[in-house]
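In our numbering, the protein residues as written are 945 to 1104.
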């Protein structure tokens, strides 16, 4: 979950999930992200309230107690079990490919949306990012070679 923090306040960006396995069906080696799907619409109220009260607000309160006024993107890596969020990690940057999918839902100037986030800056719906990679992606090393890789193909093409 990406959140824009503006000091003591925050704005939850469209939810996004990335897909890190190389092959379809969550199979194959891990990558750095082959695809991401962002969704901006109605989320279960209980889930959002639990994320706010159990993760986001305690984090911002902790930053305030440490004397830090945070103005940027804060990423919360969450695992959700029955409307209960479990925090796995923080990042102080946008994720890739997640951020690309989130930006696909932006309907305002990026700087304006970052400076003064509001729901009206984001359209409802879905945004999908999928990468096309060299056929040998994650299976070969480029060091010491001519740098030439086989032609491009969809990553799931070489998976069983």
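By construction, the Cβ of each residue, glycine as well, lies at the ideal position given by its N, Cα and C atoms.
Do residue 1071 and residue 982 have their CB atoms nearer than 8 Å? Position 127 of the chain shown, counted from the start, is the residue given in the question as residue 1071. Position 38 of the chain shown, counted from the start, is the residue given in the question as residue 982. Cβ atoms of residue 1071 and residue 982: closer than 8 Å.
So is residue 1057 buried or exposed if we call it buried at 16+ other beta carbons inside 10 Å? The residue given as residue 1057 occupies position 113 in the chain shown. That one is buried.
Apart from the five residues on each side of it in sequence, which residues of its chain come closer than 7 Å, Cβ to Cβ, to residue 1034? As a working note, residue 1034 is residue 90 in the chain shown. Cβ within range, chain order: 1018, 1019, 1020.
Could you pull out every residue in the same chain whose Cβ sits closer than 7 Å to the Cβ of residue 948, ignoring the five residues on either side in sequence? Counting from 1 along the chain shown, the entry for residue 948 is found at position 4. The answer, listed in chain order, is 954, 955, 957, 1017, 1058, 1061.
Rounded to whole angstroms, what's the CA-CA distance from residue 1012 to residue 1006? Just pull it up for me. Along the chain shown, read from residue 1 onward, the residue named residue 1012 stands at position 68. Along the chain shown, read from residue 1 onward, the residue named residue 1006 stands at position 62. Their Cα atoms are separated by approximately 9 Å.
Reducing DSSP to helix, strand and coil, say where residue 951 ends up. Counted from its first residue, the chain shown places residue 951 at position 7. It is coil, neither helix nor strand.
Specify, as a first and last residue, the run of the beta strand (DSSP E) that residue 957 falls within. Position 13 of the chain shown, counted from the first residue, corresponds to residue 957. No beta strand (DSSP E) contains residue 957, which DSSP labels as neither H nor E.
Here's the rule: buried if 16 or more other CB atoms are within 10 angstroms of the residue's CB, otherwise exposed. What is residue 1002? Here residue 1002 refers to the residue found at position 58 of the chain shown. Exposed, by the Cβ-count rule.
Excluding the 5 residues preceding and the 5 following residue 1039 in the sequence, name in chain order all residues of the same chain whose CB lies nearer than 7 Å to its CB. For the purposes of this step, residue 1039 is taken as the residue at position 95 of the chain shown. For residue 1039, where only same-chain residues beyond five positions count, the Cβ hits under 7 Å are 962, 1019.
Evaluate residue 1030 with the Cβ neighbour count: other Cβ atoms within 10 Å of its Cβ, from every protein chain shown; 16 or more gives buried, anything less gives exposed. To locate residue 1030, count along the chain shown from 1; it is residue 86. Exposed.
Limits of the unbroken alpha helix (DSSP H) element including residue 1045: Numbered from 1 along the chain shown, position 101 holds the residue referred to as residue 1045. Here the alpha helix (DSSP H) through residue 1045 covers 1042-1047.
Does the beta-carbon of residue 1045 have 16 or more other beta-carbons within 10 angstroms, so that it is buried, or is it exposed? To locate residue 1045, count along the chain shown from 1; it is residue 101. Flag for residue 1045 reads buried.
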